[in-house]
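*Asks:*
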Amino acid sequence: MSSSSSPQGNGTNITKLTNCRLVINDSLVSSDLFISSQTGKILEPSSSTLVPDVTIDLQNRILSPGLIDCQVNGAFGFNFSSFTSSAEYKENIHTLNTKLICTGVTSYLPTLTSQTPELYHSVLPHLGPLDPTTISENPYYPRGSSIYEKTERSRNRIRAVIRRPGNGSESLGAHVEGPFLSPSQHGIHDLSVLHTTVSSWQDVEEVYGHANVSSLRRGGKIKMITLAPELSSTVSIIPELVEKGVVVSLGHTEASLSEASAAVRSGAKMITHLFNAMKPLHHRDPGLFGLLGLPEDQKKELFYGVIADGIHVHSTIVSLAYNLHPQGFVLVTDAMHLSGMPDGKYEWVNGGRKEWIEKKGSQLCIAEPPSPSLPPPSHPAPSRRSSTSSTSSTDSSHLAYLDRETRAEVEAERAAIKEITQMEKKDSILSPGCAAMCKAKAASLKAKYGRREKEMMGEPKKKGRQEEKETKEKKWGGIAGSSATLLECVNNLLLWTGMSIPKALASVTSTPAEMLGLESVKGSLQPGADADLVVFGEVDVEVEDLLGGSGREWGWDCCRGCERMMGGSWNLVDEVLVTCSLVSLERG
């Protein structure tokens, strides 16, 4: 890729992208693209009569609108549902944005799982879309700074300053996934924070906060809400949410087709991760999936998200859903904070409680908490009475910290239990009476040892009724979100369906933009749209070639080693070149 400047066009504030294939509808069109480096917008074709300040040769690469992910719970170690302080939270968001853009995602919906009202009130003010009228709230350009005073005079210029390439990906508003969800389809959401009824609009405001659920035009922070339509009175609040510009999505639900259809008639237009955490398809009542089989005039404004990571949904089912309603197909990642992290067990704040998720390659699973670390050998051995270790392990390594008398008793009891257990297994050679005595003795010793263990190792805290219920329902190893990138999902879609590149990219650009009501500014290369751009290279292109010329000077950023980060192969692209509007803004 090469870049050049022309003195004839000095002062036009126009950047020309040439020798590229534009993603226009379902086709790749060889054409040039002109961008205003003053407003960060794509210009009318008539701008070709002007001489640009900068011309960038893309060497026949594919130029696409930036990718949009409508369900990102976190990434790179940061969880949107984890809050400590405002300053730290803002910094973590900025760090995530600068990393997320390197995966091709230029805008997204930061997603919150079901939480307490207190947490919603704390984090939602930080997750709203960028608004030029509230630049004073931007931590990087505070009121009173020279940049603020300069940009206050022009709304377009304000937006240009906020959306610098260096700020990375852009939030389009929060996606609150819950807490109005079905308890029987809660997935990994904490049962204790779910709300199963909505008596009035006041309930919604109390949960999320009045200001947060206001119209986005008036400073609201929520762009999408996932709810279960079969819950009491939830359908009644849908029209007011829609009036405020909030997209209502159906998910984590036991809804029948009739209940789902009623919600759609009330204004719901999205389905959250189709097939996951919902009533399964049945030939007598297809549930939410049945919405895709409605007549075209009834589903023309219906959209649905699919996690095409190869784990959540079978490839054949993905193809089936797409073929039923391609116009509403939206790829999402449902990425958790472990996305982009090495394998291992990680802590997760779930509804105010700490739980654990294990990452193995691209798969995330609910995990048992790791065993607490043992005290170092140099610590004094606790007495039998005072030992309060929280572990319930009966591993022999714990015996080293017991006094000699107790250790001898425990070892003797263990030996006896082992011997009698072996005898139990051979009860065919024992008389019925002897076998019964052996079993009784074993039970007695086990009960005695169990009491002794509680004395030595500490009595475990008794679980409450709700926690016991959750433990019974929860299975270690259950799916716990995704660690895939949106590009990996796009490549899976290409592999599974054989569709064209423009059609696959539509599921992460124009279709989600239309679903969000942002088709005039996002997910498009049409004049007037934001110049959120991704350049895709062919599989044999080296990253050094993409960084040729002075591309870095104009705010272009490159994803180094998407393949290394994901640990997989790519079917569409080898490397990604990203610009988040205003490619020449770095000049100041």
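Position 6, counted from 1, in the sequence shown is what the numbering used here calls 479; the numbers after and before it change by one each time, with no gaps. Even glycine gets a Cβ: it sits at the ideal position worked out from N, Cα and C. Just so it is clear, the structure is predicted and the values come from calculations on it, not from any experiment.
1) Rounded to whole angstroms, what's the CA-CA distance from Ile698 to His648? Just pull it up for me.
2) Can you tell me whether DSSP reads Asn552 as helix, strand or coil?
3) How long is the line joining the alpha carbons of Gln800 and Leu978, rounded to whole angstroms?
4) State buried or exposed for Glu732, treating a residue as buried only when at least 16 other CB atoms are found within 10 Å of its CB.
5) Could I get the ranges of all uninterrupted beta strand (DSSP E) runs contained in the stretch 746-797, with 3 residues as the minimum, in chain order?
6) Find the nearest neighbour of Ser580 within the set Tyr593, Leu600, Pro590, judged by alpha-carbon distance.
7) Under 7 Å from any heavy atom of the ligand NAP, does the C-beta of Ser734 make it?
8) For Asp1090, does the three-state DSSP call read helix, strand or coil?
9) Please classify His594: does DSSP put it in a helix, a strand, or coil?
10) Between the stretch 769-783 and the stretch 520-529, can you find at least three pairs of beta-carbon atoms closer than 8 Å?
11) Closer than 8 Å is the cut-off here; do at least three beta carbon pairs connect the stretch 639-656 with the stretch 582-601?
12) Starting from the N-terminal side, write out each stretch of the alpha helix (DSSP H) that is 4 residues or longer and does not extend beyond the stretch 938-1007.
13) Would you check if the stretch 806-826 and the stretch 986-996 touch, i.e. whether three or more CB-CB distances between them fall below 8 Å?
14) Starting from Lys833, follow the alpha helix (DSSP H) in both directions and report where the run begins and ends.
15) What's the gap between the Cα of Gly577 and the Cα of Ala957?
16) Can you tell me whether Val719 is buried or exposed? The criterion is at least 16 other CB atoms within 10 Å of its CB, across all chains shown.
17) Could you have a look at Lys818 and say whether DSSP puts it in helix, strand or coil?
18) Quick one: what does DSSP say Pro538 is sitting in, helix, strand or coil?
19) For Ala750, count neighbouring C-beta atoms within 10 Å of its own C-beta (all shown protein chains included) and say buried if the count is 16 or more, exposed if not.
20) What are the boundary residues of the alpha helix (DSSP H) that includes Arg494?
21) Who are the near neighbours of Glu703 in its chain, counting only those whose CB is closer than 8 Å to its CB and skipping five residues on each side?
22) Does DSSP put Gly547 in a helix, in a strand, or in coil?
23) Excluding the five sequence neighbours on either side, which residues of its own chain have a C-beta within less than 6 Å of the C-beta of Gln836, listed in chain order?
24) Pick helix, strand or coil for Ser722, following the three-state DSSP scheme.
25) Spell out the partners DSSP gives Leu1062 in its beta bridges.
26) Buried or exposed for Asp663, going by 16 or more other Cβ atoms inside 10 Å?
27) Excluding the five sequence neighbours on either side, which residues of its own chain have a C-beta within less than 8 Å of the C-beta of Pro590, listed in chain order?
28) Leaving out the 5 sequence neighbours to the left and right, which residues in its chain are closer than 8 Å to Pro674 when beta-carbon positions are compared?
29) Straight-line CA distance for Asp530 to Asn492?
30) Which residues does DSSP list as the beta-bridge partners of Pro583?
31) Would you kindly check if the distance between the Cβ of Ile744 and the Cβ of Leu767 is under 8 Å?
32) State the CB to CB distance for the pair Ala582 and Leu506, rounded to an integer number of angstroms; the pair is presumed to be in contact (CB under 8 Å).
33) Count the other CB atoms, across all protein chains shown, that sit within 10 Å of the CB of Asn533; report buried if there are 16 or more and exposed otherwise.
34) Check for me: the alpha helix (DSSP H) holding Ile711 runs from which residue to which?
35) Is Thr522 helix, strand or coil when you go by DSSP?
36) Which residue or residues does DSSP assign as beta-bridge partners of Gln588?
*Replies:* In short:
1) Mapped onto the sequence shown, residue 698 falls at position 225. Mapped onto the sequence shown, residue 648 falls at position 175. C-alpha separation (whole angstroms): 6 Å.
2) As a first step, residue 552 must be located in the sequence shown, where it is residue number 79. Note: Asn552 maps to strand in three-state DSSP.
3) Reading the sequence shown from its first residue, position 327 is the one you call residue 800. Reading the sequence shown from its first residue, position 505 is the one you call residue 978. Looking at the two C-alpha atoms, the distance is approximately 12 Å.
4) Taking the first residue of the sequence shown as 1, we reach residue 732 at position 259. It is buried - the Cβ of Glu732 has at least 16 other Cβ atoms within 10 Å.
5) 776-779
6) Within the sequence shown, numbered from 1, the residue matching residue 580 stands at position 107. Closest by alpha carbon: Leu600.
7) Within the structure as shown, the ligand NAP is missing, as the structure has no ligands at all.
8) Residue 1090 falls outside the range modelled here, since the chain spans only 474 to 1061, and no answer is possible.
9) As a working mapping, residue 594 is identified with position 121 in the sequence shown. Of the three classes helix, strand and coil, the one that applies to His594 here is helix, per DSSP.
10) no
11) yes
12) 938-946, 959-970, 974-979, 983-988
13) no
14) By 1-based counting over the sequence shown, the position of residue 833 is 360. Unbroken run through Lys833 is the beta strand (DSSP E), 826-833; no alpha helix (DSSP H).
15) Walking along the sequence shown from the start, residue 577 turns up at place 104. Walking along the sequence shown from the start, residue 957 turns up at place 484. Cα-Cα distance, rounded: 13 Å.
16) By one-based count along the sequence shown, residue 719 stands at place 246. Buried, since its Cβ has 16 or more Cβ neighbours within 10 Å.
17) As a first step, residue 818 must be located in the sequence shown, where it is residue number 345. Strand.
18) Counted from its first residue, the sequence shown places residue 538 at position 65. The answer is strand: DSSP assigns Pro538 an E or B state.
19) Start at 1 with the first residue of the sequence shown, and residue 750 comes out as number 277. Looking at its Cβ environment, which holds 16 or more other Cβ atoms inside 10 Å, Ala750 is buried.
20) The residue you call residue 494 lines up with position 21 of the sequence shown. Note, Arg494: premise wrong, no alpha helix (DSSP H); beta strand (DSSP E) at 487-497.
21) In the sequence shown, residue 703 corresponds to position 230, counting from 1. Correct list, in chain order: Ser655, Thr726, Glu727, Ala728, Ser729, Glu732.
22) Counting from one through the sequence shown, the residue named residue 547 turns up at place 74. The answer is strand: DSSP assigns Gly547 an E or B state.
23) Taking the sequence shown and counting its residues from 1, the one referred to as residue 836 is at position 363. The residues are Ile784.
24) For this step, residue 722 is matched to residue 249 along the sequence shown. Looking at Ser722 - three-state DSSP - the assignment turns out to be strand.
25) Since the first and last residues shown for the chain are 474 and 1061, residue 1062 lies out of range.
26) One-based indexing of the sequence shown puts residue 663 at position 190. That one is buried.
27) Residue 590 sits at position 117 when you count from the first residue of the sequence shown. Counting only Cβ-Cβ distances below 8 Å, and skipping sequence neighbours, we find Glu679, Val680, Tyr681, Gly682.
28) Residue 674 sits at position 201 when you count from the first residue of the sequence shown. Checking the sequence shown, residue 674 turns out to be Trp, not Pro. If we look at Trp674 and ignore the five residues flanking it on each side, its Cβ neighbours are Ile710, Glu713.
29) For the purposes of this step, residue 530 is taken as residue 57 along the sequence shown, with counting starting at 1. For the purposes of this step, residue 492 is taken as residue 19 along the sequence shown, with counting starting at 1. One C-alpha to the other measures close to 6 Å.
30) Stepping through the sequence shown from its first residue, residue 583 is reached at position 110. Val545, per the DSSP bridge assignment.
31) The sequence position of residue 767 within the sequence shown is 294, counting from 1. The sequence position of residue 744 within the sequence shown is 271, counting from 1. No, they are not a contact pair.
32) Position 109 of the sequence shown holds residue 582. Position 33 of the sequence shown holds residue 506. Here residue 582 is Leu; the residue named in the question, Ala, does not match the sequence. In fact, because the Cβ distance is near 26 Å, the residues do not count as touching under 8 Å.
33) Against the sequence shown, residue 533 aligns to sequence position 60. Asn533 comes out exposed.
34) Numbered from its first residue, the sequence shown carries residue 711 at position 238. Element bounds for Ile711: 707-716.
35) Counted from its first residue, the sequence shown places residue 522 at position 49. Helix.
36) Position 115 of the sequence shown, counting from 1, holds the residue named residue 588. Gln588 is not bridged to any residue.
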